[in-house]
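Protein chains in written order, with numbering that gives the first Met the number 0: chain U, 0 to 88; chain D, 0 to 217.
Each remark here refers to the structure printed beneath this line.
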Amino acid sequence: MPNFNAKVQVSLRTSVLDPAGEATKSAANKLGIKGLNKLRIGKAIDIEIEASDFEDAKTQLELLSDRLLANPVIEDWTLEISPVDSSNT
Amino acid sequence: MTVGIVVFPGSNCDRDVYWATKGCLGLSSRFLWHESTDLDGLEAIVLPGGFSYGDYLRCGAIARFAPVLSSLIDFVKNGGKVLGICNGFQILTELGLLPGALTRNQNLHFICDTVPLFVSSKRTKWFESFQSGQELYLPIAHGEGRYQCSSDILKKLQDDDSIALKYSKNPNGSICDIAGITNKEGNVLGMMPHPERACDEELGGIDGRNILQALLEK
Chain U
0 MPNFNAKVQV SLRTSVLDPA GEATKSAANK LGIKGLNKLR IGKAIDIEIE ASDFEDAKTQ
60 LELLSDRLLA NPVIEDWTLE ISPVDSSNT
Chain D
0 MTVGIVVFPG SNCDRDVYWA TKGCLGLSSR FLWHESTDLD GLEAIVLPGG FSYGDYLRCG
60 AIARFAPVLS SLIDFVKNGG KVLGICNGFQ ILTELGLLPG ALTRNQNLHF ICDTVPLFVS
120 SKRTKWFESF QSGQELYLPI AHGEGRYQCS SDILKKLQDD DSIALKYSKN PNGSICDIAG
180 ITNKEGNVLG MMPHPERACD EELGGIDGRN ILQALLEK
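Take a look at the structure:
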């Protein structure tokens, strides 16, 4: 079965206060960074998955993202999938 | 007529709860390992505080998949009482038995304190012995206790009279000062404060006793 690489990006919904992001933004200002309008902290999850085809991989990864990696009450997620290039292995 | 106290890897208030229910209140109590699925003979179940499964990913996110919790859903449907304290409250929201989510405290600090609260609803058995609006003091100890939910969910909680406990002085930024909520049926209570740490005068107060006593009251 083919392998796929995936990246899931989980971020707090914009309506949810991100105190860690606010604290980091404040530190960035102290570092002298100018013009910072937004800084929000999320999670990035790297995944490799074996699946029968792209659609199968997508279905499983969407379930994983929505039911475990993110809590849809407070978080949004995005998913990027790419086939592993077998010519390199 | 026994209280079951779930023990997850990383629970650290399980023994405190046992000490309070069995030792202080004389309620029949036993521990329930997280892999157990047999809830026979239990009238109430406590999900204690701590850091279940290291709180990896999100507080309560991994614990949600523990075998004991798949049995817990049927237990709740059949009217069994469930009390989630602190990490237990976080698990109940991840599991979907209670709405909303617990997020990082607004001031980013882990808050360890004894705080004033008041009974916002005495609709359920848990707070039946209290007066409406009655003030009580309970210890809190959490880094992620800021209750969050959508405005629709908040309205539903208010309409259902399911906001059981509120902070008198909001310590963590919780929406609407929420410290504890119940489900509509009233048999599930989730709360960030620790009633098990307020069951003995020697430890500074006994305001938690009546909440735990309600575990085994009809």
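Backbone N, C-alpha and C fix where the C-beta goes; we use that ideal spot for every residue, glycine too.
Because the structure is a prediction, the values reported are computed rather than measured.
Note the first and the last residue of the continuous alpha helix (DSSP H) segment covering Gln212/D.
Its alpha helix (DSSP H) spans residues 208 to 212.
Is there contact here, the segment 99 to 117 of chain D with the segment 1 to 15 of chain D, by at least three beta-carbon pairs under 8 Å?
No: the two stretches stay apart, fewer than three of their Cβ pairs being nearer than 8 Å.
Taking C-beta pairs closer than 8 Å, name the residues in chain D that Asn70/U reaches, listed in chain order.
The CB of Asn70/U comes closer than 8 Å to the CB of Arg57, Ala60, Glu93, Ala100 in chain D, given here in chain order.
Could one say the Cβ of Leu107/D lies closer than 9 Å to chain U's Cβ atoms, at least one of them?
At a cut-off of 9 Å, the C-beta of Leu107/D has a neighbouring C-beta in chain U.
Proximal residues of chain D, C-beta to C-beta of Val15/U below 7 Å:
The answer, in chain order, is Thr102, Gln147.
According to DSSP, is Phe109/D part of a helix, a strand, or is it coil?
DSSP places Phe109/D in coil when its eight states are reduced to three.
List, in order along the chain, the chain D residues whose C-beta lies closer than 9 Å to that of Leu67/U?
Going along chain D in sequence order, the residues near Leu67/U (Cβ under 9 Å) are Leu56, Ala60, Ile61, Arg63, Phe64.
Proximity below 9 Å, CB of Ala163/D to CB of Ile180/D
Yes, the pair counts as a contact, with Cβ atoms nearer than the cut-off.
In this structure, does DSSP put Ala69/U in helix, strand or coil?
If DSSP states are grouped into helix, strand and coil, Ala69/U belongs with coil.
First through last residue of the alpha helix (DSSP H) which encompasses Ile72/D
Start and end: 66 to 76.
Give the secondary structure of Asp13/D by DSSP, where H, G and I count as helix, E and B as strand, and everything else as coil.
Taken through DSSP and simplified to helix, strand or coil, Asp13/D comes out as helix.
Contact with chain U by Gly172/D, beta-carbon distance below 9 Å
At a cut-off of 9 Å between C-beta atoms, Gly172/D counts as an interface residue with respect to chain U.
Looking at C-beta atoms only, is the number of pairs between the segment 93 to 112 of chain D and the segment 180 to 196 of chain D that lie closer than 8 Å three or more?
Cβ pair count under 8 Å is three or more, so yes.
Closest by C-alpha distance to Thr113/D, when choosing among Leu46/D, Arg208/D, Ser27/D, Arg196/D
The candidate whose alpha carbon is nearest that of Thr113/D is Arg196/D.
Could you please tell me which residues of the segment 4 to 32 of chain U, in chain order, have their CB closer than 7 Å to any CB of chain D?
Contact residues of the segment 4 to 32 of chain U toward chain D are Val15, Leu16, Pro18, Ala19, Ala22 (C-beta to C-beta distance below 7 Å).
With distances taken Cα to Cα, identify the nearest neighbour of Ser35/D among Asp199/D, Leu137/D, Leu71/D, Gly203/D.
Looking at Asp199/D, Leu137/D, Leu71/D, Gly203/D, the one whose alpha-carbon comes closest to that of Ser35/D is Leu71/D.
Report yes or no: do the segment 128 to 142 of chain D and the segment 201 to 208 of chain D share at least 3 C-beta pairs separated by less than 8 Å?
Yes, the segment 128 to 142 of chain D is in contact with the segment 201 to 208 of chain D.
Among residues of its own chain, excluding the 5 on either side of Phe50/D, which ones have a beta-carbon nearer than 6 Å to its beta-carbon?
Taking Phe50/D as the centre and dropping the five residues before and after it, the same chain places the C-beta of Gly9 closer than 6 Å to its C-beta, in chain order.
For Ile73/U, would you say it is in contact with chain D, using Cβ-to-Cβ distances shorter than 9 Å as the test?
Under the Cβ distance rule, Ile73/U counts among the residues neighbouring chain D, one pair being separated by less than 9 Å.
At the level of alpha carbons, what is the spacing between Asp158/D and Pro1/U?
Roughly 51 Å separates the two Cα atoms.
Gly59/D versus Leu68/D: straight-line alpha-carbon distance, rounded
The straight-line gap from Cα to Cα measures roughly 11 Å.
By a C-beta neighbour count over all protein chains shown, 10 Å radius and 16 as the cutoff for buried, is Arg145/D buried or exposed?
Buried, because 16 or more other Cβ atoms sit within 10 Å of the Cβ of Arg145/D.
What does DSSP give as the partner residues of Gln42/U in its beta bridges?
The displayed chain sequence assigns Lys, not Gln, to residue 42/U. In DSSP, Lys42/U forms a bridge with Val9/U.
Using three-state DSSP, classify Ile4/D as helix, strand or coil.
Of the three classes helix, strand and coil, the one that applies to Ile4/D here is strand, per DSSP.
Against chain B, does Asn77/D count as a neighbour if the rule is that its beta carbon must be under 9 Å from one of theirs?
Of the chains in the structure shown, none is chain B; the protein chains are U and D.
Which partner residues does Gln147/D have in the DSSP bridge list?
Answer by DSSP bridge pairing, in chain order: Ala100/D.
Which of the three DSSP states, helix, strand or coil, is assigned to Lys24/U?
Reduced to three states, the DSSP call for Lys24/U is helix.
Quick check on the burial criterion: 16 or more other C-beta atoms within 10 angstroms. Buried or exposed for Arg66/U?
Counting Cβ neighbours within 10 Å, Arg66/U comes out exposed, since fewer than 16 surround it.
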